[in-house]
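Below is one structure; the comments refer to it alone.
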Amino acid sequence: MQALDAAATDSPEVQAARRIAGAAPGEAREAEAELYRLLAPRARRYGLRHLRDAHAAADLMQQVMGLTIERLRSGRLREPERVLSFVLGACRLTVMDQRRGERRREDLLQRYADLLSPADLHVAPRLDRQRLADCLERLPERERSVLVMSFYDDQPSEEVGRQLGLSAGNVRVIRHRGVDKLRRCVDAGRRAA
Amino acid sequence: MNAVSDHLSIDVLLDYWLHDSDPATTDAVDEHLMRCDACGELLDGLIALGEGVRGVFTAGAVPAMASDAFVQHLKGQGLRVREYRVPHNGSVNCAVAPEDDLLVAHLEAPLQGVERLDALAQLSIAPDVQHRLQDIPFDPQAGEALYILKTAEMKQLPDHTAQFTLLAVHPGGTKELGRYTFHHQGVAGTAVDRAR
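Line order of the protein sequences matches chains A and B.
The first sequence lines up with residues 1 to 193 when you count with this note's numbering.
The second sequence lines up with residues 194 to 389 when you count with this note's numbering.
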């Protein structure tokens, strides 16, 4: 993770982390809000990918951000310039904890409930369902089937291929082609609206 | 917004999201996403697209060819799936009830040796229109083509007869593999009860 820190030496995240670490505990509220705005969506994505549950991902995001801010306030995160690798490491540990069924996040969530508001997080725009259905139906049968079976339960190419008599490589090619067409079609509808 | 010059391709993000990347690549993508909002937002878009596909499919808004294992998985997840098995060159009385999520047709056919499969679909309520489904995916070992119908639309249709014809497509032409007739009852009633 050294590359992660090296790439972010003077990034807005590191600047915010430095301001929090350099202030008296709880006195750098703007920097804390800025750090939260920058890093919470990334922690949430990590949670979505590795926990596959929106609520669990939101919990992970809150827990990791609470821990990060607490460590910066108390000086226990001694190198604020390593805040990105700290957050990624905390995400990984939290996912491992959750997989073990451990639940020790309630205290952090309660202590930082006022600060950790998800209100201003970036969320992907909602899709026009009718438009999406139309675009999906326009795809060739093979592409539509592969997309439905891939996305219904986020299945890897090998599993989809096994069920359809296709190789994993072939599924990935079909999947790529289908996603590309679908995105273009949905985007064209969004621009026209 | 954090600026990073070497952005991830959509293929890498798709593989990452759908468990197709190896552990080292997954770790590298995790790290990249921790510093790159542009790629993160691209991933958000893919996730939303996937959720949308799942949503319109489970709403019965799009048809799809699939596998029996996939249909059993859907049932295991609590979807109400009504299935009809049609023997080779056979027919079936069928219907769909309001509470059904998906309507599935199993078309039994000799698929060994078939390289490409097409299907023709024709409804008695629109006799001048013939739909051709091209290059539909199938498992030759399964001995059937499995079609998940556009269930939401089926619920609106009146009594009619639908005919499906499976075609094996070879470089030299096409060969009819089987013909299947569905006598569809538009209002949920006795046919639904029998199918259960």
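A virtual CB, placed ideally from N, CA and C, is assigned to each residue, including glycine.
Stretch-stretch touch, CB-based, cutoff 8 angstroms, three pairs: the region 328 to 336 of chain B with the region 295 to 315 of chain B: yes
Smallest Cα separation from LEU360(B): which of ASN282(B), VAL246(B), VAL297(B)? In the second sequence, counting from the first residue as 1, residue 360(B) sits at position 167. Ranking ASN282(B), VAL246(B), VAL297(B) by Cα distance to LEU360(B) puts ASN282(B) first.
Residue burial classification, THR9(A) (beta-carbon count within 10 angstroms, cutoff 16): Mapped onto the first sequence, residue 9(A) falls at position 9. It is exposed - the Cβ of THR9(A) has fewer than 16 other Cβ atoms within 10 Å.
Quick check on the burial criterion: 16 or more other C-beta atoms within 10 angstroms. Buried or exposed for GLU30(A)? Walking along the first sequence from the start, residue 30(A) turns up at place 30. Looking at its Cβ environment, which holds fewer than 16 other Cβ atoms inside 10 Å, GLU30(A) is exposed.
Considering Cα atoms alone, identify which of LEU147(A), ALA57(A), LEU67(A) is closest to LEU35(A). Against the first sequence, residue 35(A) aligns to sequence position 35. Comparing Cα-Cα distances from LEU35(A) to each of LEU147(A), ALA57(A), LEU67(A), the minimum goes to LEU67(A).
Looking at the C-beta of PHE263(B), does it have a partner C-beta in chain A at a distance below 8 angstroms? The residue you call residue 263(B) lines up with position 70 of the second sequence. So, interface residue.
Using a beta-carbon distance cut-off of less than 9 angstroms, what residues from the region 231 to 248 of chain B approach chain A? GLY233, GLU234, LEU236, ASP237, GLY238, LEU239, ILE240, ALA241, LEU242, GLY243, GLU244, GLY245, VAL246, ARG247, GLY248
Got a sec, what are the start and stop residues for the beta strand (DSSP E) GLU337(B) sits in? Residue mapping note: residue 337(B) aligns to position 144 of the second sequence, counting from 1. 337 to 341 is the extent of the beta strand (DSSP E) around GLU337(B).
Could one say the Cβ of ARG325(B) lies closer than 8 angstroms to chain A's Cβ atoms, at least one of them? Here residue 325(B) is taken as the residue at index 132 of the second sequence, counted from 1. By this cut-off, ARG325(B) is not an interface position.
Bridge partners - THR367(B), DSSP secondary structure assignment: Against the second sequence, residue 367(B) aligns to sequence position 174. DSSP lists VAL362(B) as partners of THR367(B).
Shorter than 8 angstroms from the beta carbon of LEU77(A) to some beta carbon of chain B? Residue 77(A) sits at position 77 when you count from the first residue of the first sequence. So, not an interface residue.
Note down, in chain order, all residues in the region 249 to 261 of chain B with a beta-carbon under 9 angstroms from any beta-carbon belonging to chain A. VAL249, PHE250, THR251, ALA252, ALA254, VAL255, PRO256, ALA257, MET258, ALA259, SER260, ASP261
Using a C-beta to C-beta distance shorter than 7 angstroms, which residues of chain B count as neighbours of MET149(A)? Start at 1 with the first residue of the first sequence, and residue 149(A) comes out as number 149. Ordered by position in chain B, the residues that pass the 7 angstroms Cβ test against MET149(A) are ALA259, PHE263.
Residues of chain A with a CB under 7 angstroms from the CB of ASP328(B): which are they? Stepping through the second sequence from its first residue, residue 328(B) is reached at position 135. Within chain A, the residues near ASP328(B) are PRO140, GLU141, ARG142.
If we ignore side chains and look at the alpha-carbon of each, how far apart do GLU13(A) and ASN170(A) end up? By 1-based counting over the first sequence, the position of residue 13(A) is 13. By 1-based counting over the first sequence, the position of residue 170(A) is 170. Roughly 41 angstroms separates the two Cα atoms.
Closer than 8 angstroms is the cut-off here; do at least three beta carbon pairs connect the region 149 to 169 of chain A with the region 249 to 264 of chain B? yes
DSSP state of ASP97(A), grouped into three classes? Translated into the one-based positions of the first sequence, residue 97(A) becomes position 97. Note: ASP97(A) maps to helix in three-state DSSP.
Since GLU143(A) and GLY178(A) are thought to touch, with beta carbons under 8 angstroms apart, how far apart are those beta carbons, to the nearest angstrom? Walking along the first sequence from the start, residue 143(A) turns up at place 143. Walking along the first sequence from the start, residue 178(A) turns up at place 178. That pair is a contact at about 3 angstroms.
is_contact[TYR152(A), chain B] using C-beta, thresh 8 angstroms: Locating residue 152(A) in the first sequence gives position 152, counting from the first residue. Yes, its Cβ sits closer than 8 angstroms to a Cβ of chain B.
LEU93(A): buried (16+ other C-beta within 10 angstroms of its C-beta) or exposed? Translated into the one-based positions of the first sequence, residue 93(A) becomes position 93. Burial call: exposed.
Is LEU300(B) closer than 8 angstroms to GLN155(A) when the C-beta atoms are compared? Indexing the first sequence from 1 puts residue 155(A) at position 155. Indexing the second sequence from 1 puts residue 300(B) at position 107. Not in contact: GLN155(A) and LEU300(B) (Cβ atoms no closer than 8 angstroms).
Going by beta carbon distance, what residues of the same chain come within less than 6 angstroms of ARG217(A), once the five residues before and after it are set aside? Chain A is shown only over 1 to 193; residue 217(A) falls outside these bounds and no answer can be derived.
Along the chain, where does the beta strand (DSSP E) that runs through GLU276(B) open and close? Within the second sequence, the letter at position 83 stands for residue 276(B). Per DSSP, GLU276(B) belongs to the beta strand (DSSP E) from 274 to 279.
When the distance is taken between beta carbons, is ALA355(B) closer than 8 angstroms to LEU316(B)? Translated into positions along the second sequence, residue 316(B) becomes position 123. Translated into positions along the second sequence, residue 355(B) becomes position 162. The answer is yes: Cβ separation under 8 angstroms.
ASN286(B) in three-state terms, based on DSSP: Sequence index remark: in the second sequence, residue 286(B) carries index 93 (1-based). Here ASN286(B) sits in strand by DSSP.
Can you have a look at VAL22(A) and say buried or exposed, based on whether 16 or more other CB atoms are within 10 angstroms of its CB? What you label residue 22(A) is simply residue 22 of the first sequence in a count that begins at 1. According to the sequence shown, residue 22(A) is Gly rather than Val. With fewer than 16 other Cβ atoms within 10 Å, it is exposed.
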